[in-house]
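To start, the structure under review is shown below, and the notes come after it.
Protein chains: 2
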Amino acid sequence: MTIDPTSVKALTFDVFGTVVDWRSSLVREGEALGRAKGLKVSWSAFADGWRGFYQPMLERVRSGAIPWTKLDDLHRMALDQLLVQFGVVGLTEDEIDHLNRVWHRLDPWHDAVPGLVRLKRKFILATLSNGNVALLVNMAKRAGLPWDAVLGAEVARHYKPQPEAYRTTADLLGLAPAQCMMVAAHNGDLAAAGALGFRTAFVHRRTEHGPTQMTDLRPARDWDVVAEDFIDLAEQLGC
Amino acid sequence: MTIDPTSVKALTFDVFGTVVDWRSSLVREGEALGRAKGLKVSWSAFADGWRGFYQPMLERVRSGAIPWTKLDDLHRMALDQLLVQFGVVGLTEDEIDHLNRVWHRLDPWHDAVPGLVRLKRKFILATLSNGNVALLVNMAKRAGLPWDAVLGAEVARHYKPQPEAYRTTADLLGLAPAQCMMVAAHNGDLAAAGALGFRTAFVHRRTEHGPTQMTDLRPARDWDVVAEDFIDLAEQLGC
């Protein structure tokens, strides 16, 4: 590690993929729904398709093509298209809304909660996610994620990697960027945060995109910390 | 109680006076500083003076006389005047900044933490305070206040009782006002929240302003819940 960890006051976390395993969670809920409703759907393809809409949807907001729209609503716009594409019919509005909120019910990676509990003793733990506040609060409540603050894109009204998302989160915590360490399984997120002066911690999540993942398999740069998981991150940060 | 508590998803809390005992905490820290620096100051008068600046300062922001200014900075503007008024000299900039941050180090009322721990099992617990996020996060970290979300004036950029402070907090939680219950020791705060459709809980804090308190000694209206303290609130809400 190239930095003095006592200079860091807050850890700011990417959530989807870094803290929670969105793909397995979507497949789990999709399969249960499929059994209950007699649907013939490849739920891993459905999950990948849903996440495939993610960056293009965010880009429409970032570019100004559409006004600020929270992630729950972007998820729903994508879901409506996916249901047609996968030939899913016969769901009520309540069932579709419940399915859309599967993103509020994602399971954490097995090391996430015990790692966060250790890290919380020494650092302020804040989300710095593109998820909206309600999504992240409901997820934390269900999964036991011990955040000190739920911040990120929605309070900044800018999606990562736009600098406002990172800067607003640090500002709200009353901290300089160098007092914050961005924790993410994604090199691009760390690059954007690092460019603004955040410290950086890469955490390996080699199966976020399933068994044939091709991206973010290794750190692309010499980040301040490179950790196997959140337990290893806690060890390296002296927690 | 006039409402079905299962319709309420989140409790939104006023903090200064309702959760924490700002006056005793200011007096405690002031007296310690006075002993260390040989200052002859009535710290209860100093505390009351500091809080006396509160509404006039907020009103300058609410009226648009000055642009959005976070509470830490309003506290500092008031403190600089108070130090002159009370003849306090010889403090370094670091000492003045530390004194200004006494608001981050306020002690909770003795029932607050055990009450919140019980309430957290059933409800989302969010701040809906005029305190800025950093102040509230640091206070919670020190005092063990188990918030699910730290929201309120700063994320809305409007100070209570302006409606935007309440509405933005409910919106960020993804809830309708009627799914939120405002918890406060101040009738005015409950009146503003209630007018927007929030449920209301009055908690008695008869010594917030010291032994001769004249205001908010009793509920001014038939609020949805009237509680002696946070333990009683938890009991009444079935936690």
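Just so you know, the sequences run in chain order C and P.
Quick note: the first sequence uses my numbering, first residue 1, plus one each step.
Quick note: the second sequence uses my numbering, first residue 1001, plus one each step.
Don't be surprised by glycine CBs; every beta carbon is placed ideally from N, CA and C.
Source: prediction; values computed, not measured.
In whole angstroms, give me the CA-to-CA distance for residue i and residue j.
{"i": "leucine 1033/P", "j": "glutamate 29/C", "result": "58 Å"}
{"i": "leucine 1119/P", "j": "lysine 141/C", "result": "13 Å"}
{"i": "glycine 1087/P", "j": "glutamate 1095/P", "result": "16 Å"}
{"i": "aspartate 21/C", "j": "histidine 75/C", "result": "17 Å"}
{"i": "histidine 110/C", "j": "tryptophan 43/C", "result": "22 Å"}
{"i": "valine 41/C", "j": "alanine 1170/P", "result": "36 Å"}
{"i": "alanine 227/C", "j": "alanine 36/C", "result": "40 Å"}
{"i": "threonine 289/C", "j": "aspartate 72/C", "result": "In the structure as shown, chain C begins at 1 and stops at 239. Residue 289/C is therefore absent and cannot be evaluated."}
{"i": "serine 63/C", "j": "glutamine 55/C", "result": "12 Å"}
{"i": "aspartate 1222/P", "j": "methionine 77/C", "result": "43 Å"}
{"i": "arginine 121/C", "j": "lysine 1070/P", "result": "27 Å"}
{"i": "alanine 1047/P", "j": "glutamine 213/C", "result": "59 Å"}
{"i": "tyrosine 1159/P", "j": "glutamine 85/C", "result": "46 Å"}
{"i": "glycine 1152/P", "j": "aspartate 4/C", "result": "34 Å"}
{"i": "proline 114/C", "j": "alanine 1045/P", "result": "46 Å"}
{"i": "glutamate 1208/P", "j": "glutamate 1031/P", "result": "18 Å"}
{"i": "arginine 51/C", "j": "leucine 172/C", "result": "29 Å"}
{"i": "glycine 194/C", "j": "phenylalanine 123/C", "result": "19 Å"}
With a threshold of 7 Å on Cβ separation, who are the neighbours of residue i within its own chain once the five nearest residues in sequence on each side are excluded?
{"i": "leucine 116/C", "result": "Leu125, Leu145, Pro146 and Phe230"}
{"i": "leucine 1136/P", "result": "Val1015, Thr1127, Ser1129 and Val1150"}
{"i": "phenylalanine 53/C", "result": "Ala78"}
Does the separation of the CB atoms of residue i and residue j fall below 8 Å?
{"i": "alanine 112/C", "j": "valine 19/C", "result": "yes"}
{"i": "alanine 156/C", "j": "glycine 1174/P", "result": "no"}
{"i": "proline 1177/P", "j": "phenylalanine 1202/P", "result": "no"}
{"i": "glycine 17/C", "j": "arginine 205/C", "result": "yes"}
{"i": "alanine 149/C", "j": "valine 1150/P", "result": "yes"}
{"i": "alanine 1143/P", "j": "aspartate 1189/P", "result": "no"}
{"i": "leucine 1128/P", "j": "threonine 1012/P", "result": "yes"}
{"i": "glycine 1210/P", "j": "arginine 1023/P", "result": "yes"}
{"i": "asparagine 132/C", "j": "glutamate 164/C", "result": "no"}
{"i": "alanine 192/C", "j": "proline 161/C", "result": "yes"}
{"i": "glutamine 1179/P", "j": "serine 1007/P", "result": "yes"}
{"i": "methionine 1139/P", "j": "histidine 1104/P", "result": "yes"}
{"i": "leucine 58/C", "j": "leucine 79/C", "result": "no"}
{"i": "leucine 26/C", "j": "valine 102/C", "result": "yes"}
{"i": "leucine 217/C", "j": "valine 225/C", "result": "no"}
{"i": "leucine 1083/P", "j": "glycine 1049/P", "result": "no"}
Which residue comes first and which comes last in the alpha helix (DSSP H) that contains residue i?
{"i": "isoleucine 1096/P", "result": "1093 to 1100"}
{"i": "glycine 1115/P", "result": "1112 to 1120"}
{"i": "threonine 1012/P", "result": "Segment 1010 to 1013 is the beta strand (DSSP E) holding threonine 1012/P; no alpha helix (DSSP H) there."}
{"i": "arginine 168/C", "result": "The sequence as given places threonine at residue 168/C; arginine does not occur at that position. Element bounds for threonine 168/C: 163 to 172."}
{"i": "valine 183/C", "result": "Unbroken run through valine 183/C is the beta strand (DSSP E), 180 to 184; no alpha helix (DSSP H)."}
{"i": "isoleucine 1124/P", "result": "Segment 1124 to 1129 is the beta strand (DSSP E) holding isoleucine 1124/P; no alpha helix (DSSP H) there."}
{"i": "valine 1155/P", "result": "1153 to 1156"}
{"i": "valine 89/C", "result": "First-last for valine 89/C: undefined, no H or E at that position."}
{"i": "isoleucine 66/C", "result": "No alpha helix (DSSP H) contains isoleucine 66/C, which DSSP labels as neither H nor E."}
{"i": "glycine 1034/P", "result": "1022 to 1037"}
{"i": "methionine 214/C", "result": "Where methionine 214/C is concerned, there is no enclosing alpha helix (DSSP H), given that its DSSP letter is neither H nor E."}
{"i": "arginine 218/C", "result": "Counting along the chain, arginine 218/C falls outside any alpha helix (DSSP H), and DSSP gives it neither H nor E."}
{"i": "aspartate 232/C", "result": "230 to 236"}
{"i": "leucine 145/C", "result": "Element bounds for leucine 145/C: n/a, residue is neither H nor E."}
What is the residue span of the beta strand (DSSP E) that residue i lies within?
{"i": "arginine 199/C", "result": "199 to 203"}
{"i": "serine 1044/P", "result": "Unbroken run through serine 1044/P is the alpha helix (DSSP H), 1043 to 1052; no beta strand (DSSP E)."}
{"i": "alanine 193/C", "result": "Segment 187 to 195 is the alpha helix (DSSP H) holding alanine 193/C; no beta strand (DSSP E) there."}
{"i": "alanine 227/C", "result": "225 to 227"}
Leaving out five residues on either side along the sequence, give the residues of the same chain with a beta carbon under 6 Å from the beta carbon of residue i.
{"i": "methionine 181/C", "result": "Val8, Leu11, Arg199 and Ala201"}
{"i": "aspartate 97/C", "result": "none"}
{"i": "tryptophan 1068/P", "result": "Arg1157"}
So, at 8 Å on beta carbons, what are the nonlocal neighbours of residue i in its own chain, with the 5 sequence-adjacent residues on each side left out?
{"i": "arginine 1167/P", "result": "Ala1156, Pro1177 and Leu1196"}
{"i": "isoleucine 66/C", "result": "Arg60"}
* To do: Determine which residues of the stretch 1154 to 1178 of chain P have a Cβ less than 9 Å from any Cβ of chain C, and write them out in chain order.
  => Glu1154, Val1155, Asp1171, Leu1172, Leu1173, Gly1174 and Leu1175
* Using a Cβ-Cβ cut-off of less than 7 Å, list which residues of the stretch 1141 to 1152 of chain P approach chain C; keep chain order. => Lys1141, Asp1148, Ala1149 and Val1150
* To do: For the stretch 121 to 139 of chain C, enumerate the residues whose C-beta is nearer than 9 Å to any C-beta of chain P, in chain order.
  => Ile124, Ala126, Asn132, Val133, Ala134, Leu135, Leu136, Val137 and Asn138
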